[in-house]
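Chains as they are written, first to last, in the working numbering: chain A, 270 to 386; chain B, 2 to 115. Here is the structure we will look at, set down as structure tokens.
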Amino acid sequence: AQSVTQPDIHITVSEGASLELRCNYSYGATPYLFWYVQSPGQGLQLLLKYFSGDTLVQGIKGFEAEFKRSQSSFNLRKPSVHWSDAAEYFCAVGARAGGTSYGKLTFGQGTILTVHP
Amino acid sequence: DAGVIQSPRHEVTEMGQEVTLRCKPISGHDYLFWYRQTMMRGLELLIYFNNNVPIDDSGMPEDRFSAKMPNASFSTLKIQPSEPRDSAVYFCASRPGAFLYGYTFGSGTRLTVV
Numbered sequence: 270a271q272s273v274t275q276p277d278i279h280i281t282v283s284e285g286a287s288l289e290l291r292c293n294y295s296y297g298a299t300p301y302l303f304w305y306v307q308s309p310g311q312g313l314q315l316l317l318k319y320f321s322g323d324t325l326v327q328g329i330k331g332f333e334a335e336f337k338r339s340q341s342s343f344n345l346r347k348p349s350v351h352w353s354d355a356a357e358y359f360c361a362v363g364a365r366a367g368g369t370s371y372g373k374l375t376f377g378q379g380t381i382l383t384v385h386p
Numbered sequence: 002d003a004g005v006i007q008s009p010r011h012e013v014t015e016m017g018q019e020v021t022l023r024c025k026p027i028s029g030h031d032y033l034f035w036y037r038q039t040m041m042r043g044l045e046l047l048i049y050f051n052n053n054v055p056i057d058d059s060g061m062p063e064d065r066f067s068a069k070m071p072n073a074s075f076s077t078l079k080i081q082p083s084e085p086r087d088s089a090v091y092f093c094a095s096r097p098g099a100f101l102y103g104y105t106f107g108s109g110t111r112l113t114v115v
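This is the structure we're talking about:
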């Protein structure tokens, strides 16, 4: 079964600083990979996704993520953080194969991002 | 499109009572998912449907939980009887047939069982 680890529970950065949120996955083949963001009291919003091809994917709000097969990682980055980026971020993995695993996402525990002015 | 619509947004109930959470997926989406979010366990998949048929309910915690999808535009998650440990935010999500398009989540129902 697939699994996702987000090693950092809470990260604090200053506004304007760069950001990297870590995500490691466990899956027998190349999975589908996603990053979602959740603002307080809201549902999850899709930031970006990786399916195949270019390992550097661009998303909304200036975020990008890089798939590294050798490291089983899919880290999220942003060159300059804005105060409005403060939220909780979730990495998720989806199985490519058939069976009951196909079609469902497994989420990491989330990383809370605090942005200091 | 109004997105995935969940109701109610908040529910406070007493232990032992029946609770019904509702979800209207996006029209045309073939898949519907119910997730539970808690501080301790994060986001857990409870059950998902494909074309109104339950595909995987292995995440349903116990028999007190049941979910139905009588048609393509409506699903319910029922807890009977409710217990304080069921307190959580319950999310419904839907997506089209292709994984490529990702999930769309509702705003969630915050359930408090006292």
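Beta carbons are placed, not taken as given, at the ideal position from N, Cα and C, and that holds for glycine.
- Between the C-alpha atoms of B/T21 and A/G331 there is a straight-line separation of about 39 Å.
- DSSP places A/Q340 within a helical segment (H, G or I) once states are collapsed to three.
- By the neighbour-count criterion, in which 16 or more other beta carbons inside 10 Å mark a residue as buried, B/S76 falls on the buried side.
- For A/E289, same chain residues with a beta-carbon under 6 Å away, outside a window of 5 residues either side, are N344, R346 in chain order.
- With respect to the C-alpha of B/R96, the residue from B/V90, B/S83, B/S74 having the closest C-alpha is B/S74.
- Between A/V326 and A/G285, the beta carbon gap of about 24 Å keeps them out of contact (Cβ cut-off 8 Å).
- Per DSSP, reduced to three states, the secondary structure at B/P85 is helical.
- Scanning A/F303, A/G363, A/P309, A/R365 for the CA closest to the CA of A/R291 turns up A/F303.
- Inclusion of A/G377 and A/T274 in the CB contact set at 8 Å is warranted, their separation being smaller than that value.
- For the 8 Å CB-CB criterion, B/M70 and B/L33 form a contact.
- By the criterion of a C-beta distance shorter than 8 Å, A/E333 is surrounded in its chain by L317, L325, V326, Q327, L345, R346, K347, once the five residues flanking it on both sides are discounted.
- Residues of chain B whose Cβ lies closer than 9 Å to the Cβ of A/G331 do not exist; the shortest such Cβ separation is about 18 Å.
- Distance from the Cα of A/E357 is smallest, within the candidate group A/Y296, A/T383, A/Y301, A/S287, for A/T383.
- Setting aside the 5 residues that flank it on each side, B/M61 is surrounded in the same chain by L47, I48, each with a C-beta closer than 6 Å to its C-beta; the list follows chain order.
- Here DSSP, grouped into helix, strand and coil, assigns A/S353 to helix.
- Around the beta carbon of B/K25, a 10 Å sphere encloses 16 or more other beta carbons of the protein chains shown; the residue is thus reported as buried.
- Remark: C-beta atoms of A/S308 and A/S272 do not approach each other more closely than 8 Å.
- Using beta-carbon distances, A/Y301 counts as an interface residue toward chain B, with a partner under 8 Å.
- With fewer than 16 neighbouring CB atoms inside 10 Å of its own CB, B/Q81 falls in the exposed class.
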